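Taking our numbering, the leading residue of the sequence shown gets 21, the next gets one more, and so forth.
For every residue, glycine included, the Cβ atom is placed at its ideal position computed from N, Cα and C.
Please read all numbers here as calculations on a predicted model, not as lab measurements.
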Amino acid sequence: MRNKILWSDETKTELFGLNATCHLWRKPGTIPTVNHGDGSIIPLECFSVAGTGRLARIEGKMNKEKYKEILDEKLLQSIQDLRLGAKVQLLTGQRP
């Protein structure tokens with residue numbers, strides 16, 4: 021049965037901000053810049069025993085409509101790509 025499990029989780033990553041932990045090397049005198057938004061991205065990823073699924077970028081705040089859209093577009097395609105079959109158990113970082 022564990023061959024039919026798909027794990028999913030999201031992680032917020034910030035370049036700048038209160039929760040930012042940044043380890044990078046820049047040439048001396050280079051000024052750090054952010055060209056888009058607040059410098060944060062939230063990827064939603066999934067994986068199984070068969071491999072990794074498709075990555076989805078969460079724009080803005082997550083709501084039930086956006087979550088359903090991601091499930092419809094990315095998760096179902098990942099299940100097909102990984103050949104997990106019809107009965108798949110989805111486990112998330114939040115709740116099963």
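For Ile25, name the three-state secondary structure that DSSP assigns.
Within the sequence shown, residue 25 is the residue found at index 5, counting from 1. It is a strand residue.
According to the neighbour-count rule (16 or more other Cβ atoms, all chains shown, within 10 Å of its Cβ), is Leu102 buried or exposed?
Here residue 102 refers to the residue found at position 82 when the sequence shown is read from its first residue. Answer is buried; the Cβ neighbour count reaches 16.
Assign Ile51 to one of two classes, buried (16 or more other C-beta atoms within 10 Å of its C-beta) or exposed (fewer than that).
Mapped onto the sequence shown, residue 51 falls at position 31. Ile51 should be labelled exposed.
Given Thr112, which residues of its chain have a CB within under 8 Å of its CB, disregarding the five upstream and five downstream residues?
Here residue 112 corresponds to residue number 92 of the sequence shown, with the count starting at 1. Cβ neighbours of Thr112 beyond the five flanking positions: Trp27, Ser28, Asp29.
Measure the alpha-carbon distance for Glu65 versus Arg46 and round it to whole angstroms.
One-based indexing of the sequence shown puts residue 65 at position 45. One-based indexing of the sequence shown puts residue 46 at position 26. Cα-Cα distance, rounded: 29 Å.
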